[in-house]
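Each remark here refers to the structure printed beneath this line.
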Amino acid sequence: MFNQKTIVCLKLLLTMVFSTLLLLAASPSQAHRVTIFAWVDMDTIHTESKFGAGQKVRGGDVLVMDEAGNQLLAGKTDDNGEFSFPVPQKTALKIVLDATMGHRAEWFIPLSEIIGTDESAGATVEQSPEAPTPSPVTISTQEIETIVEKVLERKLKPMQRMLAASLQPGPSFRDVVGGIGYIFGLMGVAIWFRYRK
Amino acid sequence: MHISEGVLSGPVLITGIILAAAGTGIGLKKLDFDRIDQAGILSASFFVASLVHVPLGPSNVHLIMNGMVGLLLGWSAFPAILVALTLQAILFQYGGITTLGVNTVIMALPAVVGHYTFRGIVRVNPKAFLPAAFITGALAVLLAGGLAALALISASENFLEAAILLATAHLPVMIIEGIITAFCVGFLKKVQSGVIPV
Chain A
1 MFNQKTIVCL KLLLTMVFST LLLLAASPSQ AHRVTIFAWV DMDTIHTESK FGAGQKVRGG
61 DVLVMDEAGN QLLAGKTDDN GEFSFPVPQK TALKIVLDAT MGHRAEWFIP LSEIIGTDES
121 AGATVEQSPE APTPSPVTIS TQEIETIVEK VLERKLKPMQ RMLAASLQPG PSFRDVVGGI
181 GYIFGLMGVA IWFRYRK
Chain B
1 MHISEGVLSG PVLITGIILA AAGTGIGLKK LDFDRIDQAG ILSASFFVAS LVHVPLGPSN
61 VHLIMNGMVG LLLGWSAFPA ILVALTLQAI LFQYGGITTL GVNTVIMALP AVVGHYTFRG
121 IVRVNPKAFL PAAFITGALA VLLAGGLAAL ALISASENFL EAAILLATAH LPVMIIEGII
181 TAFCVGFLKK VQSGVIPV
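Here the protein sequences line up with chains A and B, keeping their order. Letter 114 of the first sequence, counting from 1, is numbered 114 in our numbering, and no numbers are missing. Letter 143 of the second sequence, counting from 1, is numbered 143 in our numbering, and no numbers are missing.
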């Protein structure tokens, strides 16, 4: 069954596969897959949008909705694929990225993440009246909290970015080889079926 | 060109599934025993082609190669492309499972049109098979863009706007695929002219 036609086609395929792998190795792989990643930072929500692991989504529409799907606000990603906005209200948020041409991705922020920031803000307000105790050297709880939050934010930012990047992997070598294997397997099944006839 | 989940409305998705099923049925019926190997190999080529990104233009575009698949396979491009798209959806998260039908039609229908265009041109002028291959490769991408824009009407995107955006974004892809298709056909003509349908 492996006539000359097949061998010629096979040669073409091998050339394509190898050139693809070369390209994959040479450039950061980009995919036709879009992702949006969002995290809450104090009372601001940051989002990052990408095509796969590579290219940033520039000028993509970001829609922010509550659980019921009511739109709360909308914006566009900047040149780095980022868009930040203040927490619009204390509900779970659904953030939708519409990168045009049928590309769309979603990210969900549960209520707990948003309430978490809000409670700490509320706590500082409650505790601040107790803070001005007569000791001259003491730093108010509020100040400590601000300092800790600032430091934590600085330390955690790279981690958040790393996490965001790891959530958006491009197709791997394994995926490519696996897919080709599946196709050849199906081909075998088709040939088997036809052969029995 | 791969439309993601949650963009299209129900009726469009169902229409896509019905059309894709019909096309796949015709394609499987027309697939001769000694062409199964070819279909499999072209399906694999289509599967990997989407990983080759074209760093030109304003958007993120990749090769499609539906023209090449259609040129050699005709209606059998439907099952070949359906299989490749399914694997792309599962392994690469390109497009989605619910949009599989629509995406198959978007890419396979222009492939079939390309097949008959190529045969038509070659029948009129048997020497013009290289330009015919170029036209097939480019036309299939252009038509796929048109179909994608048509499907996106339901997503409340303005048809003309989406069509223009898709066409401009895929202009470099059209030219590159035209050249690749012409190159492949030229190569096949020299080595094994029986593969090329006339």
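Just so you know, even glycine gets a beta-carbon here, dropped at the ideal spot from N, CA and C. If you're wondering where the values come from, they're calculated on a predicted model, not measured in any experiment.
query: By Cβ distance, which residues of its chain are closer than 7 angstroms to residue 94 (chain B), with the 5 residues on each side in sequence left out?
result: Position 94 of the second sequence holds residue 94 (chain B). So the list reads 2, 50, 88, once near-sequence residues are dropped.
query: What residues in its chain sit with their C-beta under 7 angstroms from that of residue 46 (chain A), if we drop five residues either side in the sequence?
result: For the purposes of this step, residue 46 (chain A) is identified with residue 46 of the first sequence, where counting begins at 1. Cβ neighbours of residue 46 (chain A) beyond the five flanking positions: 38, 39, 82, 84.
query: Skipping 5 residues on each side, what residues in its chain have a beta carbon closer than 6 angstroms to that of residue 164 (chain A)?
result: Numbered from 1 along the first sequence, position 164 holds the residue referred to as residue 164 (chain A). Cβ contact annotation for residue 164 (chain A) (same chain, cutoff 6 angstroms, sequence separation greater than five): 37, 48, in chain order.
- prompt: Thinking just about the alpha-carbon of each residue, which of B:127, B:14, B:104, B:15 is nearest to the one in residue 43 (chain B)?
  reply: Counting from one through the second sequence, the residue named residue 43 (chain B) turns up at place 43. It is B:104.
query: Taking the alpha carbon of residue 76 (chain B) as the point to measure from, which residue in B:92, B:145, B:28, B:146 has its own alpha carbon closest?
result: Taking the second sequence and counting its residues from 1, the one referred to as residue 76 (chain B) is at position 76. If you compare the alpha carbons of B:92, B:145, B:28, B:146 with that of residue 76 (chain B), the shortest gap goes to B:28.
message: With three or more C-beta pairs closer than 8 angstroms as the rule, is the stretch 20 to 37 of chain B touching the stretch 170 to 181 of chain A?
response: The answer is no - the stretch 20 to 37 of chain B does not touch the stretch 170 to 181 of chain A, with fewer than three Cβ pairs under 8 angstroms.
message: If distances are taken between C-alpha atoms only, which option among B:16, B:85, B:15, B:7 comes closest to residue 183 (chain A)?
response: In the first sequence, residue 183 (chain A) corresponds to position 183, counting from 1. If we check each option's Cα against that of residue 183 (chain A), B:85 comes out closest.
query: In terms of alpha-carbon separation, which member of A:42, A:96, A:11, A:86 lies closest to residue 145 (chain A)?
result: Against the first sequence, residue 145 (chain A) aligns to sequence position 145. Residue A:42 is the option with its Cα nearest to residue 145 (chain A).
query: When DSSP labels each residue in this structure, what does residue 218 (chain A) get in the three-state scheme?
result: The structure shown has nothing for residue 218 (chain A), since chain A only spans 1 to 197.
- request: Name, please, each residue of chain A whose Cβ falls closer than 8 angstroms to the Cβ of residue 36 (chain B).
  value: Walking along the second sequence from the start, residue 36 (chain B) turns up at place 36. Listed along the chain, the chain A residues whose CB falls inside 8 angstroms of the CB of residue 36 (chain B) are 187, 190, 191, 194.
- request: Quick one: using the 10 Å Cβ neighbour count with 16 as the cut-off for buried, is residue 176 (chain B) buried or exposed?
  value: What you label residue 176 (chain B) is simply residue 176 of the second sequence in a count that begins at 1. Label assigned to residue 176 (chain B): buried.
- prompt: Can you name the residues of chain B whose CB is closer than 7 angstroms to the CB of residue 103 (chain A)?
  reply: On the first sequence, position 103 is the one that residue 103 (chain A) refers to. Result: 4.
query: List, in order along the chain, the chain B residues whose C-beta lies closer than 7 angstroms to that of residue 175 (chain A)?
result: By 1-based counting over the first sequence, the position of residue 175 (chain A) is 175. Going along chain B in sequence order, the residues near residue 175 (chain A) (Cβ under 7 angstroms) are 91, 92.
- prompt: What is the DSSP secondary structure of residue 43 (chain A), reduced to helix, strand or coil?
  reply: If you number the first sequence from 1, residue 43 (chain A) lands on position 43. Here residue 43 (chain A) sits in coil by DSSP.
query: Using 8 angstroms as the threshold, is the stretch 123 to 134 of chain B in touch with the stretch 182 to 193 of chain B, meaning 3 or more CB pairs across them?
result: Per the Cβ contact rule, the stretch 123 to 134 of chain B is in contact with the stretch 182 to 193 of chain B (3 or more Cβ pairs under 8 angstroms).
- request: State the DSSP-derived secondary structure class of residue 119 (chain A), mapped to helix, strand or coil.
  value: Translated into positions along the first sequence, residue 119 (chain A) becomes position 119. Because the pLDDT at residue 119 (chain A) is just 46, under 50, the model does not fix this residue reliably, and the point stays unresolved.
task: Output yes or no for whether 8 angstroms exceeds the beta carbon distance between residue 141 (chain B) and residue 64 (chain B).
output: One-based indexing of the second sequence puts residue 141 (chain B) at position 141. One-based indexing of the second sequence puts residue 64 (chain B) at position 64. With contacts defined as CB atoms closer than 8 angstroms, residue 141 (chain B) and residue 64 (chain B) qualify as a contacting pair.
query: In terms of residue numbering, what span does the alpha helix (DSSP H) encompassing residue 30 (chain B) cover?
result: Looking up residue 30 (chain B) in the second sequence gives position 30. In the DSSP assignment, residue 30 (chain B) falls within the alpha helix (DSSP H) that extends over 10 to 30.
- request: Give the C-beta separation of residue 107 (chain B) and residue 81 (chain B) to the nearest angstrom, bearing in mind that I take them to be a contact with Cβ-Cβ under 8 angstroms.
  value: Residue mapping note: residue 107 (chain B) aligns to position 107 of the second sequence, counting from 1. Residue mapping note: residue 81 (chain B) aligns to position 81 of the second sequence, counting from 1. Confirmed, Cβ separation roughly 5 angstroms.
query: How about residue 48 (chain B): is its C-beta nearer than 8 angstroms to some C-beta of chain C?
result: Absent here is chain C; the protein component of the structure consists of chains A and B.
field: chain B contact residues for residue 178 (chain A), given Cβ-Cβ distances below 9 angstroms
entry: Here the question's residue 178 (chain A) lines up with position 178 in the first sequence. Within 9 angstroms Cβ-Cβ: 87, 91.
query: When you check each C-beta in the stretch 177 to 195 of chain B against every C-beta of chain A, which residues fall closer than 8 angstroms?
result: Those would be 184, 187, 188, 191, 192, 194, 195, in chain order.
message: I'd like the span of the beta strand (DSSP E) that includes residue 104 (chain A), first residue to last.
response: Taking the first residue of the first sequence as position 1, residue 104 (chain A) is located at position 104. Element bounds for residue 104 (chain A): 104 to 109.
task: Verify the contact flag: residue 51 (chain B), CB atom, against every heavy atom of the ligand ATP, threshold strictly below 7 angstroms.
output: In terms of ligand content, the structure shown is empty, and the ligand ATP therefore cannot be addressed.
- prompt: How many angstroms separate the CA atom of residue 159 (chain B) from the CA atom of residue 99 (chain A)?
  reply: Taking the second sequence and counting its residues from 1, the one referred to as residue 159 (chain B) is at position 159. Taking the first sequence and counting its residues from 1, the one referred to as residue 99 (chain A) is at position 99. Distance between the alpha carbons of residue 159 (chain B) and residue 99 (chain A) is about 16 angstroms.
- prompt: Name the DSSP bridge partner or partners of residue 38 (chain A)?
  reply: In the first sequence, the residue the question calls residue 38 (chain A) occupies position 38. A:47.
- prompt: Secondary structure at residue 142 (chain B), three-state DSSP: helix, strand or coil?
  reply: Start at 1 with the first residue of the second sequence, and residue 142 (chain B) comes out as number 142. Note: residue 142 (chain B) maps to helix in three-state DSSP.
query: Under the rule that 16 or more other beta-carbon atoms within 10 Å means buried, what is residue 38 (chain B), buried or exposed?
result: To locate residue 38 (chain B), count along the second sequence from 1; it is residue 38. When all chains shown are included, residue 38 (chain B) counts as buried.
- request: Using a Cβ cut-off of 8 angstroms (strictly closer), state whether residue 168 (chain B) contacts chain A.
  value: In the second sequence, the residue the question calls residue 168 (chain B) occupies position 168. So, not an interface residue.
field: Neighbour-count burial assignment, residue 185 (chain A), 16 or more Cβ in a 10 Å radius
entry: The sequence position of residue 185 (chain A) within the first sequence is 185, counting from 1. The residue is exposed, with fewer than 16 neighbouring Cβ atoms inside 10 Å.
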